[in-house]
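A.B. asks: Using my numbering, the letters of the sequence shown map in sequence onto residues 5 to 136. Each residue gets a CB set at the ideal place from its N, CA and C atoms; glycine is no exception. As the structure is a computational prediction, the values presented were derived from the model and not from experiment.
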Amino acid sequence: MTNEPSIANEPSVIVQLPRDGAVDRELHAYPPPSVASGQVVLDHVRAGADGRLEPPEASEIVMSVLSPEALRQPSEVRDAIEQAPEKRRPLMIIVEAAEELREEELAVVVDAAERAHRKVIIRIMADADWEA
């Protein structure tokens with residue numbers, strides 16, 4: 005038995021997403037099992053006038069992908085999280101745009117975060133239908 009505090013009841017992954025965007029509406033209407041169980045929590049962030057989230061400030065960005073589908077590579081996600089420097093800031097995965105976020109993508113990040121005993125934020129910068 006270790007003296008480390010248990011984080012079993014705390015979420016291991018936080019999804020930051022534009023409030024009232026397509027992904028927000030989809031996750032609210034049809035929450036995947038990891039969201040329904042509390043392993044993943046949603047953090048609704050006000051988007052800028054252009055519909056995009058501002059760049060993050062206080063996180064260690066360990067991975068940046070164009071879409072959530074790239075999160076389906078368990079070894080790449082696990083390596084990015086496990087090789088992150090030991091710092092107190094949460095780790096962040098930037099997703100440039102998403103139409104939806106599926107359980108198969110969330111499960112990979114949850115597994116990697118729990119294995120590494122780290123909090124991970126998935127920040128969805130914009131809906132997939134966002135245009136520059």
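Assign P72 to one of two classes, buried (16 or more other C-beta atoms within 10 Å of its C-beta) or exposed (fewer than that).
C.D. replies: Position 68 of the sequence shown holds residue 72. By the neighbour-count rule (16 or more Cβ atoms within 10 Å), P72 is buried.
A.B. asks: Can you tell which of M129, A120, A26, P36 has its C-alpha closest to the C-alpha of S79?
C.D. replies: Against the sequence shown, residue 79 aligns to sequence position 75. Nearest option by C-alpha distance: A120.
A.B. asks: Skipping 5 residues on each side, what residues in its chain have a beta carbon closer than 7 Å to that of A62?
C.D. replies: Numbered from its first residue, the sequence shown carries residue 62 at position 58. Hits under 7 Å: R93.
A.B. asks: Which same chain residues, not among the five before or five after S38, have their C-beta less than 8 Å away from its C-beta?
C.D. replies: The residue you call residue 38 lines up with position 34 of the sequence shown. Once the five neighbours on either side are set aside, the close Cβ partners of S38 are V17, V44, E107, L110, A111, V114.
A.B. asks: Rank V124, V19, L31, E64 by C-alpha distance to the C-alpha of L57 and give the top, closest one.
C.D. replies: The residue given as residue 57 occupies position 53 in the sequence shown. With distances taken between Cα atoms, L57 lies closest to V19.
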